[in-house]
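Only one structure is covered here, and it is reproduced in the block below.
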Amino acid sequence: MRNGVTDEVEDQVASALASRLRDVPATTIFTEMSALAVRTGAVNLGQGFPDADGPPEVLEAAVTALRQGANQYAPGRGVPALQRAVADHQHRHHGVELDPVTQVVVTTGATEAVAAAVLGLVEPGDEVVLLEPYYDSYRAAVDLAGGVRVPVTLAAPDFRLDVAALEAAVTDRTRLILLNTPHNPTGTVLTRAELEDIARVAVAHDVVVVTDEVYEHLVFDGREHVAPASLPGMAERTVSISSAGKTFNVTGWKVGWATGPAHLVDAVFAAKQWLTFSSAAPLQPAVALALTDHDGFHEDLARSLASRRDLLVAGLGELGLHVRSAEGSYFVLTDVSAWGWQDGRSFCEALPERAGVVAIPAQAFYEHGADSPGRHLVRWAFCKDEATVAEGVRRLTEAYAAGRLECSPGGPAPG
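See below:
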């Protein structure tokens, strides 16, 4: 039994699933670990959702839209005000010119945008190159499209792009490269030079690039987020994806967007319309307001997140772990083999009982899971409020001092 689900039930689910979903976990690791946090009363440093709300004026704009009757289907491509706001945002921040009518589509979160891009652009048998570790929904999207995943590993401890590995991975069978920067779960922000290398490969092989940029405004220590679409030769081949959730602390709204050349955006919309048809009507005007008038919010948020990152990194480092400090995003990775654990999943399953804290095993982001180079890595989220991060560190420190964090004969096997 795992997380309250019997082996018999798991077998029933597996037998009912279509074959294209049998390599995809029936339950996401985030659902499992968040349920574990609720059940045990643990501090949830696992799932990447913030504790704080977005700008009050933006929340009130959603309430106003509800009360004024914006409660029926929105236009399939999005409310025009939000399409214009997204186009303006891309020009203002990245220098990318867009026609809001033909080059912007609003989606039900960035996850749908990624899925719709893959479903709309990938034929069965096409290869999709991904930077590993990668967000787990990418696997499902490629599998649903009948594509073939080709991972290029960002190797620990630095998690930088191996350009030679990328060049070797892209062939005449490659349909698209799926990027994520700032990167979940490593916290890497791809540099301009790294992105120029990716652009060179994409142009040389004439492949499409789909970019998940949901953490685009959450970069630290003076680093720069470079939008791949802004690079030479890339505007005509790039689908850029982002969302309001991470930028404005409204992850539950699930309002995202995809932008790019009209023919690629048309392909995204062709899939999106058969997934959700349209996205939340009363929330779109509020997101338009946020994008237009609230750059200061995400600037302050990035500074605050950097402070909470430092608190978490320092706390974990004092417990003898190697911590790679995040350049952007919500997350840091640690190697728990220093505590005797070679299997991060076993560690994360034991952690709530041993320390009253929840984290995410990084092997969930790797192609081969428990047999991957990330099997001993664990992801921690610092997007919680400072008191929650501090309490998580306090609990871990107490458990470490008591010897409860080491992989001991009394606990689960190290794997």
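Residue numbers (my numbering): -5 to 409. Every residue, glycine too, gets a C-beta built ideally from N, C-alpha and C. The model shown is predicted, which means the values in this text are computed figures rather than measured ones.
Identity of the residue in the options nearest residue i by Cα
i: A375; options: H362, Q336, W335 and A384; result: A384
i: E161; options: E91, A55 and V195; result: V195
i: V202; options: I192, G48, A280 and A264; result: I192
i: V95; options: V80, G397, H211 and P127; result: V80
i: A139; options: S272, S13, G216 and G338; result: S13
i: A284; options: A46, P50 and L30; result: P50
i: S273; options: A29, V100, R78 and T34; result: V100
i: V108; options: G181, G119, D120 and S131; result: S131
i: L172; options: V351, D337, I235 and E218; result: I235
i: F242; options: F271, A280, D260 and R231; result: A280
i: V123; options: E207, D166 and V307; result: D166
i: A275; options: G48, T102, S28 and V164; result: T102
i: V233; options: V262, L299, D82 and V220; result: V262
i: R231; options: G350, H257 and G35; result: H257
i: A301; options: L60, V204, A265 and K378; result: A quick correction: the sequence has Ser, not Ala, at residue 301. Of the candidates L60, V204, A265 and K378, the one whose C-alpha sits nearest the C-alpha of S301 is K378.
i: G72; options: E54, Q97, Q84 and T58; result: Q97
i: A31; options: P346, V387, A59 and I354; result: P346
i: R217; options: Y67, G322 and T168; result: G322
i: A187; options: D156, H199 and E210; result: D156
i: V307; options: R373, P74, L277 and T58; result: R373
i: R78; options: A150, N178 and T286; result: T286
Three-way DSSP call (helix, strand, coil) for residue i in this model
i: P145; result: strand
i: P408; result: The predicted position of P408 is uncertain, since its pLDDT is 38 and thus under 50; a value taken from the coordinates is nonetheless stated next. Correct three-state label for P408: coil.
i: P44; result: coil
i: G220; result: Rather than Gly, the amino acid found at residue 220 in this sequence is Val. DSSP places V220 in coil when its eight states are reduced to three.
i: P403; result: Low local confidence applies: a pLDDT of 44 at P403 is under 50, so the model's placement there is unreliable, and no value is given.
i: P50; result: helix
i: S9; result: helix
i: T58; result: helix
i: T175; result: coil
i: V99; result: strand
i: H257; result: helix
i: V244; result: coil
i: D17; result: coil
i: V281; result: helix
i: V112; result: helix
i: A68; result: coil
i: R398; result: coil
i: W333; result: helix
i: F359; result: helix
i: E117; result: coil
i: A274; result: coil
i: L225; result: coil
i: E91; result: coil
i: T182; result: coil
i: A107; result: helix
Bounding residues of the alpha helix (DSSP H) (the contiguous stretch that carries residue i)
i: R133; result: D130 to A139
i: F325; result: No alpha helix (DSSP H) contains F325, which is instead part of the beta strand (DSSP E) from F325 to D329.
i: G338; result: G338 to A349
i: R303; result: D289 to G311
i: V123; result: No alpha helix (DSSP H) holds V123; the beta strand (DSSP E) holding it covers E121 to E126.
i: R167; result: Careful: R167 lies outside any alpha helix (DSSP H) and carries neither H nor E.
i: S28; result: I23 to T34
i: A375; result: Careful: A375 lies outside any alpha helix (DSSP H), inside the beta strand (DSSP E) at L371 to A375.
i: V387; result: E380 to A395
i: F153; result: Unbroken run through F153: none, as it is neither H nor E.
i: Q267; result: Looking at the DSSP string, Q267 is not in any alpha helix (DSSP H), and its letter there is neither H nor E.
i: A196; result: R186 to H199
i: D82; result: P74 to H88
DSSP bridge partner residues for residue i (one or two, in chain order)
i: G322; result: V213
i: P38; result: According to the sequence as given, residue 38 is Asn; it is not Pro. In DSSP, N38 forms a bridge with V352.
i: V432; result: The question about residue 432 has no answer, for the chain in this structure spans -5 to 409.
Range covered by the beta strand (DSSP E) that runs through residue i
i: D206; result: V202 to D206
i: T253; result: G250 to T253
i: T232; result: T232 to S237
i: V95; result: Counting along the chain, V95 falls outside any beta strand (DSSP E), and DSSP gives it neither H nor E.
Closer than 8 Å to chain E by CB, residue i
i: E347; result: No chain E appears in this structure, which consists of one protein chain only.
Any non-hydrogen atom of the ligand MG closer than 7 Å to residue i Cβ
i: G103; result: This structure lacks the ligand MG, and indeed carries no ligand of any kind.
Is the number of C-beta pairs between the segment 325 to 344 and the segment 86 to 96 that are closer than 8 Å three or more?
no
At least 3 beta-carbon pairs within less than 8 Å: the segment 19 to 34 vs the segment 232 to 252
no
Using 8 Å as the cut-off, can you tell me whether the segment 26 to 41 makes contact with the segment 291 to 304, which would need three or more C-beta pairs spanning the two stretches below that distance?
no
So, do the segment 252 to 266 and the segment 353 to 363 have three or more beta carbon pairs nearer to each other than 8 Å?
no
Could you tell me whether the segment 308 to 322 touches the segment 101 to 115, where touching means 3 or more Cβ pairs closer than 8 Å?
no
Would you check if the segment 140 to 149 and the segment 305 to 314 touch, i.e. whether three or more CB-CB distances between them fall below 8 Å?
no
Across the segment 334 to 348 and the segment 384 to 400, are there enough close Cβ pairs to call them in contact, namely three or more that are closer than 8 Å?
yes
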